[in-house]
Amino acid sequence: IVYSNNVNVEDDSTVTIKALTNTNFSGEISVGFSITPKDIAEADVTFADATYSAAAITPVPNVFLEDYGTLTQGTDYTISHSEIVSAGPHDITVTGTGNYTGTVNAEFTVQQMSISGAVIENIEDIYYTGSGITPTPQVTLEGFGSLEKDADYTLSYENNTAVGTATIIVTGCGNFKDSTSTTFEIIDSFNSTEVYFGDSIEIEPVIFNGTSFKPEVTKVMIHGVELTKDVHYTVSYGENTNAGEGTVTIT
């Protein structure tokens, strides 16, 4: 028995039966037969690691079929998928070709890019207001340019109410992960304080009457923000009994 062209699906395969010499038979007969393609539905499909980038990503598959080994892309199978331009899972269809047929669906996951190397810029010293201060910086990452708040990252703050050093934290979201941070200064702005006595920042002169004079502080403003007495400041007075200059101290 002799076989020919019996390797690939597209071959014109034959089996030839020849009579043995020194027997009662002679001659030979040839019969054609077909090789059907192997279904790849049970193939194991994995992918090389991939991380989000600014360009479309092409998955690199490894297709393994028991008893057949690792198949070759383009010869044994093709892949199809929508354009991959974001982190997360993506559906891939592997379709047999050549000696293989059928399809197998697989999931290809693109990992998020770390934002830990981002540069945080454009945060200047900010005057104390009594409320939480939430500046919005410019965030850039090499290879990606300027990132977009709430699409690529979120912002959070620490120690951003009192005078001193505050922290701004940039945390990746969407196509980005991890976090990075920087600090900014909240500076004392009492030098720019406006103290109101009634409707005026001026205290009208009073006539000596032998008692201590304590003009009522009705409002304290810093850069247009009204502060709350006993929360943001206290009021104290000098003796203010004798004729001359009295004192009111805002602390």
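Here the sequence shown is numbered in the numbering used here, starting from 507 and rising by one per residue. Glycine included, C-beta positions come from ideal geometry on N, C-alpha and C.
Collapsed DSSP secondary structure at residue i in the structure displayed
i    : result
L526 : coil
V591 : coil
T673 : strand
D573 : coil
G744 : coil
N681 : coil
H596 : strand
I692 : strand
Y606 : strand
Q644 : strand
S532 : coil
N511 : coil
T724 : coil
G716 : coil
Sub-8 Å separation of residue i and residue j beta-carbons
i    : j    : result
V741 : I756 : yes
G686 : I629 : In the sequence under discussion, the amino acid at residue 686 is Thr, which differs from the Gly named in the question. No. Outside cutoff.
F690 : I621 : no
G604 : T576 : no
G602 : P543 : yes
Y606 : N681 : no
V566 : V600 : no
K683 : Q579 : no
N514 : I541 : yes
Rounded separation between residue i and residue j - CA only
i    : j    : result
G562 : H587 : Position check: residue 562 holds Ala in this sequence, whereas Gly was assumed. One C-alpha to the other measures close to 12 Å.
N611 : A525 : 50 Å
N528 : F539 : 29 Å
F650 : A657 : 13 Å
Y739 : I693 : 16 Å
M727 : K735 : 11 Å
D550 : I507 : 36 Å
G752 : N715 : 14 Å
T724 : T646 : 46 Å
V487 : I707 : Only positions 507 to 757 of the chain appear in the structure, and residue 487 is not among them; the question remains open.
I675 : E589 : 32 Å
G608 : F553 : 19 Å
D705 : T699 : 15 Å
I546 : L571 : 7 Å
D596 : E654 : The sequence shown places His at residue 596, not Asp. Answer to the nearest angstrom: the Cα atoms are 23 Å apart.
S592 : T564 : 12 Å
T520 : I585 : 33 Å
A556 : V616 : 5 Å
E648 : C679 : 17 Å
Closer than 8 Å to chain B by CB, residue i
i    : result
S519 : Judged by its chain identifiers, the structure shown contains no chain B, having just a single protein chain.
Environment of residue i [buried if 16+ CB atoms lie within 10 Å]
i    : result
F614 : buried
Y771 : This structure cannot settle anything about residue 771, because the visible part of the chain is limited to 507 through 757.
A672 : buried
Counting pairs of Cβ atoms below 8 Å between the segment 743-753 and the segment 713-727, do you hit three or more? At 8 Å Cβ cutoff, the stretches touch.
Is the segment 636-651 in contact with the segment 664-676, if contact means three or more CB pairs nearer than 8 Å? The segment 636-651 makes contact with the segment 664-676; the number of CB pairs closer than 8 Å reaches 3 or more.
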